[in-house]
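Colleague:
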Amino acid sequence: MAPIRSSNLERSKWRTKCREELSKHIQKKVGISIEPSQVRLIPSIDDPYTWKVLPGKTHLFSKNISDHSIGAYKELCEGIDYAFEAVPVAASTGTSTVEHVQETLIVTKPPQVSFSSRINELQEENSKLQRELVHWMDQAAAEYQLRLQSDEEMVRLKVANEALKYELDKSSMMVDYFRGEISKCSQIVGRIMPLMGELTTGLTSDKGSSK
Numbered sequence: 006m007a008p009i010r011s012s013n014l015e016r017s018k019w020r021t022k023c024r025e026e027l028s029k030h031i032q033k034k035v036g037i038s039i040e041p042s043q044v045r046l047i048p049s050i051d052d053p054y055t056w057k058v059l060p061g062k063t064h065l066f067s068k069n070i071s072d073h074s075i076g077a078y079k080e081l082c083e084g085i086d087y088a089f090e091a092v093p094v095a096a097s098t099g100t101s102t103v104e105h106v107q108e109t110l111i112v113t114k115p116p117q118v119s120f121s122s123r124i125n126e127l128q129e130e131n132s133k134l135q136r137e138l139v140h141w142m143d144q145a146a147a148e149y150q151l152r153l154q155s156d157e158e159m160v161r162l163k164v165a166n167e168a169l170k171y172e173l174d175k176s177s178m179m180v181d182y183f184r185g186e187i188s189k190c191s192q193i194v195g196r197i198m199p200l201m202g203e204l205t206t207g208l209t210s211d212k213g214s215s216k
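In this note's numbering, the protein residues as written are 6 to 216.
As structure tokens, this is what we get:
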């Protein structure tokens, strides 16, 4: 007889633990006693319970317990009352297929207290994230508009500065021009003044001689 591999023993241990935990959960939520070996992830139409599952965990209920891996068994044990729960099958859904029953429960049936709390928590987190997203989008839009205004103001100031520089350069050239003209006038006046002095002296002398 070939020895049993340790991995198979570990898988068997987790499968048994998973069945026991799910059986206890069904007893607590639905009020019926199901032998661990009879617990199904895909209940038949005759089973008095079905599963209500968050969208992110539906893959755990797509196959039988015996077909799952150790990782899936751990997910199932950790997800009880948090990611899924057992609920009784209502009379109106008794003839539905398992998949239809599960989908109907996920979308339309109100959860029990623990599951409802989880749903509300997720909805609040989603609403909070949406509010934060809107806030950051508004802030980003405001900052973008501010940058546009700042860029426009910088362009306006640059144009005004260039115009002012042009006027200053023009004024400086005019000052230099008038300085040169004043200098020329001063030189002319400097030459004229001695001549005028001589002319005045000559005229005075002529008047004295006439007397």
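Positions of the beta carbon are idealized from the N, C-alpha and C atoms, including for glycine.
Note that the structure is predicted; figures quoted are calculated from it, not measured.
1. Would you mind reading off the limits of the alpha helix (DSSP H) that contains V35?
2. Straight-line CA distance for M179 to S188?
3. Kindly confirm or deny that the stretch 7-23 and the stretch 66-83 touch, where touching means at least three C-beta pairs closer than 8 Å.
4. Nearest by alpha-carbon distance to Q38: which of Q128, R24 and I50 is it?
5. Just verifying my parser: in three-state terms, what is the DSSP assignment at R196?
6. Residues in its own chain within less than 8 Å of E40 by CB, not counting five upstream and five downstream?
7. Over the uninterrupted alpha helix (DSSP H) stretch that includes E80, give me the two end residues.
8. Residues in the same chain with beta-carbon distance under 6 Å from K34, minus the five sequence neighbours each way, listed in chain order, please.
9. Just to confirm before moving on: does the CB-CB distance between A88 and V58 stay below 8 Å?
10. Exposed or buried, which one is H140 when buried takes at least 16 other CB atoms within 10 Å?
11. Residues bridged to K57 by DSSP?
12. Rounded to whole angstroms, what is the Cα-Cα separation between M198 and Y182?
13. Whole angstroms is fine: what's the gap from E172's alpha carbon to L151's?
14. Please classify I50 as buried or exposed, where buried requires at least 16 other C-beta atoms within 10 Å of its C-beta.
15. From R2 to Q154, what distance separates their C-alpha atoms?
16. Straight-line CA distance for Q144 to L134?
17. State the DSSP-derived secondary structure class of D181, mapped to helix, strand or coil.
Modeller: In terms of the structure at hand:
1. In the sequence shown, residue 35 corresponds to position 30, counting from 1. Note, V35: alpha helix (DSSP H), S11 to V35.
2. Position 174 of the sequence shown holds residue 179. Position 183 of the sequence shown holds residue 188. The straight-line gap separating the alpha-carbon atoms of M179 and S188 is approximately 14 Å.
3. Yes, the stretch 7-23 touches the stretch 66-83.
4. Within the sequence shown, the letter at position 33 stands for residue 38. It is Ser, not Gln, that sits at residue 38 in the sequence shown. Of the candidates Q128, R24 and I50, R24 places its Cα closest to the Cα of S38.
5. Along the sequence shown, read from residue 1 onward, the residue named residue 196 stands at position 191. In this structure, R196 counts as helix in the three-state DSSP scheme.
6. Against the sequence shown, residue 40 aligns to sequence position 35. Residues S28 of the same chain have their beta carbon placed closer than 8 Å to that of E40, with the five preceding and five following residues left out of the count.
7. For this step, residue 80 is matched to residue 75 along the sequence shown. Per DSSP, the unbroken alpha helix (DSSP H) holding E80 starts and ends at I75 to G84.
8. Taking the first residue of the sequence shown as 1, we reach residue 34 at position 29. Excluding residues up to 5 positions away in sequence, E90 and A91 lie with their Cβ nearer than 6 Å to the Cβ of K34 in the same chain.
9. Residue numbering aside, residue 88 sits at position 83 when the sequence shown is read from its first letter. Residue numbering aside, residue 58 sits at position 53 when the sequence shown is read from its first letter. A contact, by the Cβ cut-off of 8 Å.
10. Here residue 140 corresponds to residue number 135 of the sequence shown, with the count starting at 1. That one is exposed.
11. Translated into the one-based positions of the sequence shown, residue 57 becomes position 52. Answer is E90, bridged to K57.
12. Counted from its first residue, the sequence shown places residue 198 at position 193. Counted from its first residue, the sequence shown places residue 182 at position 177. Answer to the nearest angstrom: the Cα atoms are 24 Å apart.
13. Locating residue 172 in the sequence shown gives position 167, counting from the first residue. Locating residue 151 in the sequence shown gives position 146, counting from the first residue. Approximately 31 Å between the Cα atoms of the pair.
14. Translated into the one-based positions of the sequence shown, residue 50 becomes position 45. Burial call: exposed.
15. Outside the displayed span of the chain (6 to 216) sits residue 2, for which this structure offers no information.
16. Locating residue 144 in the sequence shown gives position 139, where the first residue counts as 1. Locating residue 134 in the sequence shown gives position 129, where the first residue counts as 1. Cα-Cα distance, rounded: 15 Å.
17. As a first step, residue 181 is located in the sequence shown; it is residue number 176 there, counting from the start. Reduced to three states, the DSSP call for D181 is helix.
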